[in-house]
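Novice: Below: one structure in structure tokens.
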Amino acid sequence: MKALKELGQNFLIDGSVASAIAAAGEIVPGEIVWEIGPGKGILSEAILRYAPTLTAFELDRRLELPLKEKFGQRLNLVRADVIRYDWSELIIAPDYRVKLIANIPYQITSPLLSKLEANREHFSRIVLMVQSEVADRLTASKGTKAYGLMTLRLQLYFNISILMRVPRELFDPVPGVDSAVIVMTPRQDSPVLRDPELFFQLIHHAFQHRRKTLRNNLLQILTKPQLVALEKQDKFDLTRRGETFSEAEFIRLCDLIASLRHVS
Ligand code: SAM
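For what it's worth, my numbering labels the leading residue of the sequence shown as 11, then goes sequentially.
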């Protein structure tokens, strides 16, 4: 069977890595487990050592029969594009909680992270193999090159850590990038945003041109008098670049901008 590049088909060939990913799910009896892209089933097999059944989304219909033959009724195969699929078909109750464990096709990383963000209350633990560079961005600290929009968006709702790095040679065919496994758990101390729309607009602009100062980037959403007022009001040094601002500083900035807009 020819691996399809457009479906991100780089199959994991190392059983010990699959076992480590499944173990990181910390599955407890009775929990609902999802996988995205079971492929030939190396990770599904490892997950099924901990869970009696597994729900898995797979877009490639050629894999349906081999997967069914291998796992039978224990695998609830959803033959669909996980991004287009309406998750509310499965998430049937407000207290529905899922553990998601997957080696994802890398081209769906951004839309998948957005979808996870939107449905975050339903995920108790997420273990994902992603591109190494994405893992760096998701776990980045303020002031580093990897720190940016993706970091702030996802760290707002999840604690994220890197479980392990996975070299490209452990996949077939060998991809052009290295990988890493990340673990995401819901953040208990997630800050409540007064104006989420403005906050996301702010961080979007703050990182739009990374080499520019925050002041120059903010000129896209604020007038010059508003900027001057902002600098005076809280002694914010807006000549700093966006990457030097912490989450708390962005939130404070956002609140100030909201009040400035209110009066002007
Ligand atoms: N889990 C297997 C492994 O570790 O070897 C396969 C991982 S492979 C990187 C990604 C898998 O996702 C492929 O089986 C591919 O067919 C499937 N896939 C690609 N796009 C998908 C989508 N939008 N929805 C569901 N599955 C998808």
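Ideal placement from N, C-alpha and C gives every residue a C-beta, glycine not left out.
Could you check the C-alpha separation between K80 and V191 for me, to the nearest Å?
Specialist: Numbered from its first residue, the sequence shown carries residue 80 at position 70. Numbered from its first residue, the sequence shown carries residue 191 at position 181. One C-alpha to the other measures close to 25 Å.
Novice: Is the CB-CB distance between S120 and L85 below 8 Å?
Specialist: Taking the first residue of the sequence shown as 1, we reach residue 120 at position 110. Taking the first residue of the sequence shown as 1, we reach residue 85 at position 75. It is not a contact, given that the beta carbons lie outside the stated cut-off.
Novice: The beta strand (DSSP E) with F81 in it runs from where to where?
Specialist: Taking the sequence shown and counting its residues from 1, the one referred to as residue 81 is at position 71. Taken as a continuous stretch (DSSP letters only), F81 belongs to no beta strand (DSSP E), being part of the alpha helix (DSSP H) at 74 to 81.
Novice: Near R107, which residues of its chain fall below 8 Å by C-beta distance, leaving aside the five closest residues on each side in sequence?
Specialist: Within the sequence shown, the letter at position 97 stands for residue 107. Once the five neighbours on either side are set aside, the close Cβ partners of R107 are E41, I42, H132, F133, S134.
Novice: Under 8 Å, with one C-beta from each stretch per pair, do the region 210 to 228 and the region 180 to 189 reach the 3-pair mark?
Specialist: no
Novice: So, at 6 Å on beta carbons, what are the nonlocal neighbours of R178 in its own chain, with the 5 sequence-adjacent residues on each side left out?
Specialist: Here residue 178 is taken as the residue at index 168 of the sequence shown, counted from 1. V184, P185, D188.
Novice: Beta strand (DSSP E) containing V140: first to last residue?
Specialist: Working through the sequence shown from its first residue, we reach residue 140 at position 130. First-last of the beta strand (DSSP E) with V140: 133 to 141.
Novice: Under DSSP, the alpha helix (DSSP H) around V92 begins and ends at which residues?
Specialist: To locate residue 92, count along the sequence shown from 1; it is residue 82. Note, V92: premise wrong, no alpha helix (DSSP H); not H, not E.
Novice: Report the partner residues of E223 according to the DSSP bridge assignment.
Specialist: Start at 1 with the first residue of the sequence shown, and residue 223 comes out as number 213. For clarity, residue 223 is Thr in the given sequence; the question names Glu instead. T223 pairs with R251.
Novice: Can you find the residues in the same chain that come closer than 8 Å, C-beta to C-beta, to I23, ignoring five residues on each side of it along the sequence?
Specialist: As a position in the sequence shown, residue 23 is number 13, starting the count at 1. I52, L180, F181, D182.
Novice: If you pair each beta-carbon of the region 221 to 237 with each one of the region 196 to 205, do three or more pairs fall below 8 Å?
Specialist: No, they do not touch.
Novice: With 16 other CB atoms within 10 Å as the buried threshold, where does V38 fall?
Specialist: Reading the sequence shown from its first residue, position 28 is the one you call residue 38. Exposed, by the Cβ-count rule.
Novice: Can you find a heavy atom of the ligand SAM that lies under 7 Å from the Cβ of G35?
Specialist: Here the question's residue 35 lines up with position 25 in the sequence shown. Flag unset: Cβ of G35 not near the ligand SAM.
Novice: Quick check on DSSP: helix, strand or coil for P121?
Specialist: Sequence index remark: in the sequence shown, residue 121 carries index 111 (1-based). If DSSP states are grouped into helix, strand and coil, P121 belongs with the helices.
Novice: Given that a residue counts as buried once 16 or more other Cβ atoms are within 10 Å of its Cβ, and exposed if not, what is T149?
Specialist: Counted from its first residue, the sequence shown places residue 149 at position 139. Per the 10 Å Cβ criterion, buried.
Novice: Need the endpoints of the alpha helix (DSSP H) that A61 sits in, please.
Specialist: Here residue 61 refers to the residue found at position 51 when the sequence shown is read from its first residue. Per DSSP, A61 belongs to no alpha helix (DSSP H) and is neither H nor E.
Novice: Compute the Euclidean distance between the alpha carbons of A258 and E143, then round it to the nearest angstrom.
Specialist: Counted from its first residue, the sequence shown places residue 258 at position 248. Counted from its first residue, the sequence shown places residue 143 at position 133. Computed Cα separation, rounded: 25 Å.
Novice: Could you check which residue in T195, G158, L237, L17 has the C-alpha nearest to that of I118?
Specialist: Here the question's residue 118 lines up with position 108 in the sequence shown. The alpha carbon of I118 has as its nearest neighbour, out of T195, G158, L237, L17, the alpha carbon of L17.
Novice: Which of the three DSSP states is assigned to S200 in this structure?
Specialist: As a working note, residue 200 is residue 190 in the sequence shown. Note: S200 maps to coil in three-state DSSP.
Novice: Exposed or buried, what is G35 when buried is set at 16 or more other beta-carbons lying within 10 Å of its beta-carbon?
Specialist: As a first step, residue 35 must be located in the sequence shown, where it is residue number 25. Flag for G35 reads buried.
Novice: If you compare alpha carbons, which of R271, I57, I46, K15 is closest to S26?
Specialist: Taking the first residue of the sequence shown as 1, we reach residue 26 at position 16. Minimum Cα distance to S26 is reached at I57.
Novice: Which residue's Cα is closest to the Cα of L122: G47, A156, A30?
Specialist: The count along the sequence shown starts at 1 and reaches residue 122 at position 112. Minimum Cα distance to L122 is reached at G47.
Novice: Could you compute how far the alpha carbon of L77 sits from the alpha carbon of K50?
Specialist: Translated into positions along the sequence shown, residue 77 becomes position 67. Translated into positions along the sequence shown, residue 50 becomes position 40. Approximately 7 Å, taken between the alpha carbons.
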